[in-house]
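Working notes, beginning with the structure itself.
Number of protein chains: 2
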Amino acid sequence: MIVSALLTSVGINLGLCILFFTLYSILRKQPSNANVYGPRLVAEGKSQQNSCSNIERLLPSPGWVRRAWQLSEEEILSTTGLDAVVLMRIFIFSLRVFSCGGIVGILILLPVNYVGNQLSDIDFSDLPNKSLDIFSISNVNNGSKRLWIHFCSIYVFTGVVCYLLYYEYKYISSKRLAYFYSSKPQPHHFTILVRSIPASAGRSFGDSVESFFTEYHPATYLSNLVVHRTKKLQGLIKDAKMLYKRLLHLRSKDSNQQKLMRDGFLGLFGRKVNPIDHYEKKLEDLEEHVRMEQSNLSVAGEEVPAAFVSFKSRYGAAIALHIQQSDNPIEWVTEQAPEPHDVYWPFFSTSFMQRWISNLVVIVACILLTILFLVPVVFVQTLTNLDQLETFLPFLKGILTITFVSQVITGYLPSLILLLFLQTVPPIMKIFSSMQGYISHSQIEISTCKKVLWFTIWNIFFANVLSGSVLYQINVFLEPKNIPEKLAVAVPAQASFFITYVVTSGWTSLSSELFRMIPLIWDFIKRHCSGSYADEFDVPSIPYRCEIPRILFFELLGITYFFLAPLILPFLLVYYCLGYIIYRNQLLNVYTPKFETGGKFWPIVHNSTIFSLILMQAIAIGIFGLKKLPMASSLTIPLLILTLLFHEYCQKRFLPIFAAYSAESLIKKDKENENDASMTDFLDKLVTAYRDPALLPIQYSENRDSHNSPLLSSTPF
Amino acid sequence: MIVSALLTSVGINLGLCILFFTLYSILRKQPSNANVYGPRLVAEGKSQQNSCSNIERLLPSPGWVRRAWQLSEEEILSTTGLDAVVLMRIFIFSLRVFSCGGIVGILILLPVNYVGNQLSDIDFSDLPNKSLDIFSISNVNNGSKRLWIHFCSIYVFTGVVCYLLYYEYKYISSKRLAYFYSSKPQPHHFTILVRSIPASAGRSFGDSVESFFTEYHPATYLSNLVVHRTKKLQGLIKDAKMLYKRLLHLRSKDSNQQKLMRDGFLGLFGRKVNPIDHYEKKLEDLEEHVRMEQSNLSVAGEEVPAAFVSFKSRYGAAIALHIQQSDNPIEWVTEQAPEPHDVYWPFFSTSFMQRWISNLVVIVACILLTILFLVPVVFVQTLTNLDQLETFLPFLKGILTITFVSQVITGYLPSLILLLFLQTVPPIMKIFSSMQGYISHSQIEISTCKKVLWFTIWNIFFANVLSGSVLYQINVFLEPKNIPEKLAVAVPAQASFFITYVVTSGWTSLSSELFRMIPLIWDFIKRHCSGSYADEFDVPSIPYRCEIPRILFFELLGITYFFLAPLILPFLLVYYCLGYIIYRNQLLNVYTPKFETGGKFWPIVHNSTIFSLILMQAIAIGIFGLKKLPMASSLTIPLLILTLLFHEYCQKRFLPIFAAYSAESLIKKDKENENDASMTDFLDKLVTAYRDPALLPIQYSENRDSHNSPLLSSTPF
């Protein structure tokens, strides 16, 4: 790829970004778009009444940037929780890393690369038609002493990244502890989930749990709630909700618009009836059915061998959590309970074996998905190598000779296609994760996040790198000894692709995140085609499973290409600067947290960064070998070992903090609440906190006045 | 190797075994050898007064076999503990495995191999001069349908081994629990070791521990004992013991034998003194010194940031053990306390970082040892390939043409040399393990056992297999894809070497175990050269670190060669039968347990067997590929996956039982002791149970009457 192709790509994307930004700053001021650009504010009732004049409303303005900039970390913490803070810390961390990296890379490494003449003689004329490779390490002469500069910069950069990693891990650990210390009593701190309750003849699971915990935890045991199989009931309630929505919709129409309908098959046969009465009748029947099912369930329902067990103190719950309860380790398996509204009810997979097998199935499914995904990746690779495309599709020859078309095709199209295909991955991975038997939305989100991250690294980085040079060389990893060498050949060759990938995929994803294209269109359709549905909307939650892997993938690109092709760094810095502002803005206006993990996303960030460092060092080992500087190659190995040791240390030092709270903190919190009068109230509520929402009474048909309330699930917290 | 060479080897070893057995059955009846062949009985005072006549004493008799055979598992459990039972269960398990394997191997696979004609035409004449390879799978024709018999037998054998593994794991788990339920209150159930106690200004570690545990575990906390740095003191006490021994020796001599000595430099200068008085004086000085040091230590000694913390109940200790105590996970690190007499005091490595670094150092040291050990292995390999030896040392040509010499050299010498070198490994590995910061002899023993096992597998199995065919092919393992194929070529080629290895190393080690050559010689020297020392002897403890790896290594050989060269199986069966009888005899007469891990050696056995199965299956995959039966090769892969899943299941189902006791069992035991009057006594003793023996008062000089007692370390349990 030549310099001018890169410039074309940058130009297109810069144009797109500016367009989106301008459109955003206009559209967000239209009151009709409040549901799209400020759903959080609308839900909180803080949607500012637009005081500006009509002309002001039509002019772009950068006020939102200032507001986003001024937002402090304490505000984010108090309004959107610790997870949002972690999200922002990823940006801050990356900005710090790539500022240091950028200074070294652009001021030192880039000139060193450029004055090499491995690829072409030094010649400052005709820059636009030169290959981007002259800015990469490939241009440094073999055996050149200048490679020691690269060697030193790798050491310095690794040192800086490790220091920053340590600092951030420490910072977020302390935030997590502070968050816990300042929290009010919360049901999930007092509750554990017990699975694989052994069946005993003539006794319900509830009785078993009751007698087990009163025997072994008499001082702290409070209550239990056995989980029921409510799949059928959930279906019925869903139907009732749908009917209720349709009914609302019908009622909102003018009565003269209402047509009579037939009550028979498909509304084609039977006698004519008023549809409102008809649906009302149906809804009442359905609700009756639901109530019957509910009472059936609570009397003799199909119990699942799992129960939420609540304790009188946090420490009591922690004791039951951490000590193996029964002599048989696969019975009475305990687990931290999630927040009540975070419980994932639909697929409450229970038995030990079931969960184990579904785990295995998911692993196989992930591998299959990865293999299937190679198809678009290979297609994209043929686009970057135009010669191949011409041999496949000879009739395109004429078009491809036009400079602009070929530049668009090599510079823009490949990453766009990849981007579109990548959009389908997070939802699929989410389905996989929810099949694994996780019991909360947050666990599913964390697991999805990990899956998407590794999928992205494998399918975007490795598949591109290895298929770009030697097609389908997946079995490189079956010969670990040769990995550094193979990567050293393949990775620098893809530098220009990834530079454009940052520009197209990264910048575009940010501006579309800001612009919210799909919600905007969706909102438009809803408002203009189906009137009454408009006032009932969901405030979106932060899509960690898409965002974190993307941000981390760019970090991986930045770290691996830091010394190979430092030209990537300025584009990454732009990405992180934009991202920093845009996500602050979105946290302020758009997203509401659906759960709080207390910063459990950070270990993913840490691990991924360490992986990037190791990858970078492995490539360095290979590159120095290829460049005939075996001394530097061997001297990089200690760095790799040191990095692994650093990781090991951090795992020991910080990871346990994210797994569970310590006795010290739990007891301190318990003592704090000991003389609190509100604790009795809290414990009363705790008893029913983990009731399955499908078992809560429903009432749509009669309760016509306040028709919004029953749609919200009403847990006591 | 030809059949007659094998027969030579079998002959020699059988002769040796019979010789050792005969000598044993004679020597054990000599009263003077009681310390060698029945030290356990002597120590227990049960040494039977030999009633048999002089002639009977000189005739070999098989009475000991009958007694060993009649010993029941309950007796072993009550006299030598659960670990000895586990040792015997390894033999029982192996006997079962190889009985099944032997039936399939000898009756089905061996004939199938023999009628193949890949290596030579079927010809029943001249059997002694045929290569052993005609009994191995190498002789089956390529692409032969008969290989499906091997395929089926692999499936059946894996099934049988997995069933037996499951059965044994379950059996030993239940034994472990039963052992715990039937145990009396023991200090290590009530105590934990706390390490990395944070230093706080102006406070001793003892105060820190006291205030921490009284604050966070007020109901259950009993007492603490901070560990002191007693290296200097231990040295002094050792010197005092030595002096005391010398003094005893001098006193036991006739007084007219005693010469006067000079009290100056090296006993050459100064005035003449009576040596008894001289040493007495010296000993008194030394004891005074020790007492001074002890009182110094207890007042202002150098404290180590580690303490034994005792609790009033087992459950209380378990709670403190399992829950992370402090917000900083590398402070207040808790660990199960070992039995008081099992604590390993000399190297009480303490800080988190120190232990971590010494772990790393030990890993590096193990790798170095492995590399160094390749030298003798390569030498041994040149012996099995006589041609190579002839080219290296041409002057041997004349000798090597003598049939018997060459048979001895190929059949016997290699394994003997290996055996001698292997003897040095367990002590070295024990030193490594004790450097890793383990705090008890039992942990060191378990860790040594693992190290020796993997060392044996690597250096005997892999180094022989891979250097025998392609010298120094260690980097086979850096190309995982090719492992099955490479192993399939190399492993069958070494079949005859390992058959002789079983006969020489296995049978010889058993008979020398029975005969106790070295203790016998040692005892002889002691008795005849240094009179008085004889009555003071140590009862040996079971050398798990040597025995378990050896038994497991033979199991690995049996499992991997089960379908390759079933001829190995009868020799193994003989080994396990002999071993079964001999170890029962030794447990009855010789060994006394020094510690009790409660069966923690079994997981090592389980893991090693699973590894053997996986190895066997990997070789099968390669062999079927080489033998042009790719279908069978692919169909073996599911078996490998199933075996791994089985292992995973067992890890989940049984391993936690060996890590810690459950809440259920702990609370049951606590309740049992609740109304026990002796508990008060027990708790009183518990407070001082973990006193460093170096801090106990010593008294050698005055206490002349009962001079045996102070030599035994006197902990209250």
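Chains E and Y supply the protein sequences, listed in that same order. Just so it is clear: in the first sequence, position 26 is 26 by UniProt numbering, and no numbers are missing. Just so it is clear: in the second sequence, position 320 is 320 by UniProt numbering, and no numbers are missing. All residues carry an ideal CB built from backbone N, CA and C; glycine is no exception. For clarity, every value in this text was computed on a predicted model and none was experimentally measured.
query                                                                                                                                             : result
Check whether the Cβ atoms of Y:PHE190 and Y:LEU686 sit closer than 8 Å, and answer yes or no.                                                    : yes
Using the three-state DSSP reduction, which class does Y:ARG195 fall into: helix, strand or coil?                                                 : strand
Taking all protein chains shown into account, decide if E:ALA534 is buried (16 or more other Cβ within 10 angstroms of its Cβ) or exposed.        : Its pLDDT being 45, under 50, E:ALA534 is placed unreliably by the model, and the measurement read from it follows with that caveat. So E:ALA534 counts as exposed.
If you check the beta carbons only, do E:PRO305 and E:SER196 fall under 8 Å apart?                                                                : yes
Quick check: is the beta carbon of Y:ILE621 nearer than 8 Å to any beta carbon in chain E?                                                        : no
Whole angstroms is fine: what's the gap from E:PHE20's alpha carbon to E:SER509's?                                                                : 11 Å
Run through chain Y and tell me which residues come within less than 7 Å of E:SER313, C-beta to C-beta.                                           : Simply none; closest approach about 13 Å.
Do you know offhand how far Y:LEU471's Cα is from Y:VAL491's?                                                                                     : Because the pLDDT of Y:LEU471 is 45, which lies under 50, any placement of that residue in the model is unreliable, and the number read from its coordinates should be weighed accordingly. Between Y:LEU471 and Y:VAL491, the C-alpha separation is close to 14 Å.
Which partner residues of E:THR334 appear in the DSSP bridge assignment?                                                                          : E:VAL194
Along the chain, where does the beta strand (DSSP E) that runs through Y:PRO519 open and close?                                                   : Premise fails: Y:PRO519 lies in the alpha helix (DSSP H), 517–529, not in any beta strand (DSSP E).
Here's the rule I'm using: 16 or more other beta-carbon atoms within 10 Å means buried, otherwise exposed. How should Y:ILE2 be labelled?         : buried
Skipping 5 residues on each side, what residues in its chain have a beta carbon closer than 8 Å to that of Y:ASN33?                               : LEU27, LEU520, ASP523
Quick one: complete beta strand (DSSP E) runs, 3+ long, within the region 139–221 of chain E?                                                     : 191–195
Would the region 632–648 of chain E and the region 583–593 of chain E be scored as touching if the rule is three or more Cβ pairs under 8 Å?      : no
If you measure between the beta carbons of Y:ASP207 and Y:THR597, is that distance less than 8 Å?                                                 : no
E:ILE619: which of E:LEU557, E:ASP676, E:PRO540, E:GLN651 sits nearest, CA to CA?                                                                 : E:LEU557
If the criterion is Cβ atoms closer than 8 Å, does the pair E:GLU168 and E:PHE91 meet it?                                                         : no
Check this for me: beta carbons of E:LYS451 and E:CYS366, under 8 Å apart or not?                                                                 : yes
Taking the CB atoms as reference points, tell me whether Y:LEU514 and Y:TYR216 lie closer together than 8 Å.                                      : no
Who are the Cβ neighbours of Y:ILE18 in its own chain at under 6 Å, not counting the five residues just before and after it?                      : none
Would you kindly work out how many angstroms separate the C-alpha atoms of Y:LEU419 and Y:SER505, rounded to a whole number?                      : 6 Å
So with Cβ pairs under 8 Å, would you call E:ASP327 a contact of chain Y?                                                                         : yes
Let's test the definition: count the other Cβ atoms within 10 Å of the Cβ of E:THR680 and tell me whether it reaches 16, buried, or not, exposed. : exposed
My assumption, with CB atoms under 8 Å, is that E:ALA565 sits in contact with E:SER136. Please give the rounded CB distance.                      : 4 Å
With a 10 Å radius around its C-beta and 16 neighbouring C-beta atoms as the bar for buried, classify Y:LEU177 as buried or exposed.              : buried
Output yes or no for whether 8 Å exceeds the beta carbon distance between Y:GLY579 and Y:ILE551.                                                  : yes
Are E:TYR344 and E:ILE444 touching if we call contact CB-CB under 8 Å?                                                                            : yes
Apart from the five residues just before and just after Y:LEU71, which ones in its own chain have a Cβ nearer than 8 Å to its Cβ?                 : ARG584, LEU587, LEU588
Could you tell me the boundaries of the beta strand (DSSP E) in which Y:PRO305 lies?                                                              : 303–311
How about Y:GLN324: is its C-beta nearer than 8 Å to some C-beta of chain E?                                                                      : yes
Within a Cβ cutoff of 7 Å, which residues of the same chain sit near Y:VAL85, ignoring the five residues on either side of it in sequence?        : GLU73, ILE76, LEU77, LYS175
Secondary structure at E:ILE2, three-state DSSP: helix, strand or coil?                                                                           : strand
For E:GLU493 versus E:GLY622, is the C-beta distance shorter than 8 Å?                                                                            : Sequence check: residue 493 of chain E is Ala here, not Glu. No, the pair does not count as a contact, with Cβ atoms beyond the cut-off.
Compare the C-alpha of Y:ARG691 against each of Y:TYR438, Y:ALA307, Y:THR560, Y:VAL574 and name the closest.                                      : Y:ALA307
Within 10 Å of its beta-carbon, does residue 788 of chain E have 16 or more other beta-carbons around it, so buried, or fewer, so exposed?        : Here chain E covers residues 1 to 717 and nothing more, so residue 788 of chain E does not appear.
Is the shortest distance between the beta-carbon of Y:GLU339 and the beta-carbons of chain E less than 8 Å?                                       : no
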